[in-house]
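Note that the protein sequences, when read in sequence, are chains A and B. Residue 193 in our numbering is what sits at position 193 of the first sequence, and the numbering runs on without skipping anything. Residue 66 in our numbering is what sits at position 66 of the second sequence, and the numbering runs on without skipping anything. Glycine included, every Cβ here is placed at the ideal spot set by N, Cα and C. Comments concern the structure below.
Protein chains: 2
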Amino acid sequence: MSSKDRIQKIKEDTRHNILRASLDIVKEEGWGALSMRKIADKIDYTAPVIYEYFSNKDAILKELTRIGYVKLAGKMEEARELSTTPEGQLEAMWLAYWHFAFAYKELYQVMYGVEMNCCSVENTCPDYDRPMNMLWDKIEEITPAEKRSEEYIDRKYYSFWSVVHGLISINLTTQINRDELNREVLKDAISGLINSIKN
Amino acid sequence: MSSKDRIQKIKEDTRHNILRASLDIVKEEGWGALSMRKIADKIDYTAPVIYEYFSNKDAILKELTRIGYVKLAGKMEEARELSTTPEGQLEAMWLAYWHFAFAYKELYQVMYGVEMNCCSVENTCPDYDRPMNMLWDKIEEITPAEKRSEEYIDRKYYSFWSVVHGLISINLTTQINRDELNREVLKDAISGLINSIKN
DNA sequence: AATTTTGCCTAACAGTGTTAGATTTTAAAC
DNA sequence: GTTTAAAATCTAACACTGTTAGGCAAAATT
C-alpha cells in the first residue's frame with residue numbers, strides 16, 4: 001500500500017527528528033539541558049508523543065549511543081583504507097578514534113560516560129563491539145606469530161585504549177587546550193605501543 | 001564565649017553531616033539519586049536548611065570534590081613515605097592514585113567527571129593542584145638534568161596521567177572485572193614510562 | 001517582661017520524566 | 001456521503017527535582 005508506506009515513512013522521519021533534535025539541544029546547551037518537553041518543542045509536538053517512538057528518555061540516549069558506535073566504526077573504516085601497511089592502518093584507526101571524540105564530542109560522552117551518566121543498561125548491542133573488533137583484528141595482524149595469543153592481544157588493545165581514552169577524557173573534562181602536547185603524547189603512545197608489539 | 005563556640009561547633013557538625021549524608025546516599029544509590037530533600041531526610045531537617053550551609057547543590061559537589069583531592073593527596077603522601085628511591089616513590093604514588101579511585105569511587109567520579117557531570121565551575125581551588133604537583137615534582141626529580149625542562153616534564157606527567165586515568169575510567173564505566181589485565185597494563189605502563197624518563 | 005534575633009518549617013514556583021484519559025483528526029465501512 | 005472505527009495528538013495530572021519567600025516559634029538580648 002502506498003498510503004501505508006507513506007505513513008511508515010513519516011513515522012521513521014519523526015523518529016529521526018527526535019534523535020536529531022536531541023543531539024541539537026545537547027550540542028547547544030549540553031547534556032544537562034536535554035528534556036522531553038524541549039525535544040517535543042523542537043519537533044512541534046507535545047512530550048507524550050515521543051513515547052510512541054521511544055519507551056523513555058534512556059532509550060533515546062541508548063540509540064544515540066548506538067549511532068555513535070556506528071559512526072565511529074565508519075570513520076575508522078575510512079581511515080583504514082587510506083593506509084597500506086597494517087601498522088599505518090592501526091595508527092590511522094586510533095587517530096580516527098581520536099578525531100571522532102572531538103568532532104562528535106556529545107556522542108563520545110554518552111558512549112563512554114564522560115561527564116555524562118549514560119544509561120546503566122547492559123550494553124548488548126552488536127554495533128557496540130565493531131570499533132573494538134576492528135582494532136583488535138588489526139593488532140592481531142601485526143602481532144608476530146609466536147606471541148599471538150588472546151591474552152597478549154587483549155593486553156595490547158587495552159593499553160592502546162587506556163591511553164587514548166584517557167587523553168580524550170582529560171581533554172573533554174578540563175579546558176586545557178594544548179594541541180602540541182596532545183599530538184606529541186598521542187603519537188608517542190601509539191608508535192611506542194606498535195613498536196612494543198613488533199619487538 | 002563558650003555558648004558561641006558551642007553553637008559554632010554544632011553548625012560545623014551540621015555542615016559535616018550534610019557532606020557525609022550526601023556521600024552515603026551516593027554510595028548507596030549513585031549520583032543520580034542525590035537530592036536535597038534526601039540529604040535533608042538523612043540529617044533530620046527540611047531541605048531549605050541545607051541552603052544555610054551551602055549556596056546550592058553544586059556547592060556540595062564542589063566541596064566533595066575538594067575533599068577528594070585532599071584525601072587523594074594524603075594517600076599519595078603515605079605511599080611516598082613507604083619507598084626510598086625516587087622511582088619507587090613515583091610508582092607508589094601512581095599506585096596510590098589507582099587504589100584511591102576504587103576505594104573512593106564516588107569521589108573520583110565527581111573529581112574527574114566519570115559518569116557524572118561535575119560542577120562546570122572554574123576549578124581555582126589550591127587543593128585541586130596538590131596531587132598533580134606531588135607527581136610533577138617527583139618526575140622532575142628523576143629526570144636527568146640535561147633533559148629537565150618544563151615541556152619535558154609536562155609531557156611525561158601527561159602521559160602517566162592519561163594511561164592511569166584512562167584505565168581507571170574504563171574500569172569504572174564498564175563492568176569488565178579483569179584484575180590480572182589491569183595489574184599488567186598498569187605496571188607495564190608505569191615502569192615503561194619511568195624507563196623512558198631515565199634513558 | 002518586651003523585643004529582637006535565630007532556627008526551622010510550610011508552601012510555593014518552575015522545572016523534570018512519565019502516564020491516563022479525553023479529544024480531535026484520519027481512515028474504513030456501509 | 002454519512003457513519004463508525006481507529007489512529008494521532010493533546011491536556012491534565014502525578015511524583016519528583018532545585019530553590020526561594022514568608023511565617024511561626026524558640027532562644028537570646030535588652
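| Check | Outcome |
| --- | --- |
| Residues of the stretch 16–33 of chain B whose Cβ lies closer than 7 Å to any Cβ of chain A, in chain order | W31 and G32 |
| Contact check, B:L193 vs B:S162, beta carbons under 7 Å | no |
| Those runs of the alpha helix (DSSP H) which lie wholly inside the stretch 40–105 of chain A and span at least 4 residues | 47–50, 57–81 and 86–103 |
| Bridge-paired residues (DSSP) for A:V114 | B:V114 |
| Of the listed residues B:R20, B:I25, B:G113 and B:K198, nearest to B:K147 (C-alpha basis) | B:K198 |
| Limits of the unbroken alpha helix (DSSP H) element including A:D179 | D179 to K198 |
| Complete alpha helix (DSSP H) runs within the stretch 118–181 of chain A (minimum length 4 residues, chain order) | 130–142 and 150–173 |
| Cβ of A:V110 within 7 Å of any chain B Cβ | no |
| 7 Å Cβ cutoff met for B:T173 and B:E115 | yes |
| Secondary structure of B:G32, DSSP reduced to three states | helix |
| CB contact check: B:T173 to chain A, cutoff 7 Å | yes |
| Test: B:Y158 CB closer than 7 Å to a CB of chain A | yes |
| C-beta contact flag for A:V70 and A:D127 at 7 Å | yes |
| Length of the line joining the Cα atoms of B:A21 and B:E52 | 16 Å |
| A:E77 versus B:A40 - alpha carbon distance | 52 Å |
| Cutoff 7 Å: A:G113 Cβ touching any chain B Cβ | yes |
| CA-to-CA distance, B:M132 to A:G113, given in whole angstroms | 23 Å |
| Buried or exposed by the 16-neighbour rule on C-beta atoms within 10 Å, applied to B:I7 | exposed |
| Selection from A:M111, A:L23, A:T46 and A:W94 that minimises the alpha carbon distance to B:I170 | A:M111 |
| Top-ranked residue by Cα proximity to B:N17, from B:A33, B:G32, B:S191 and B:F54 | B:F54 |
| Chain B within 7 Å of A:H165, Cβ atoms only | yes |
| B:Q89 classed as buried or exposed, judged by whether at least 16 other C-beta atoms fall within 10 angstroms | buried |
| Interface flag, B:S169 vs chain A, CB-CB below 7 Å | yes |
| Any 3 or more C-beta pairs closer than 8 Å across the stretch 150–159 of chain A and the stretch 176–195 of chain B | yes |
| Proximity test, Cβ basis, 7 Å: B:E140 and chain A | no |
| Residue environment, B:E141, which counts as buried when at least 16 other CB atoms sit within 10 Å | exposed |
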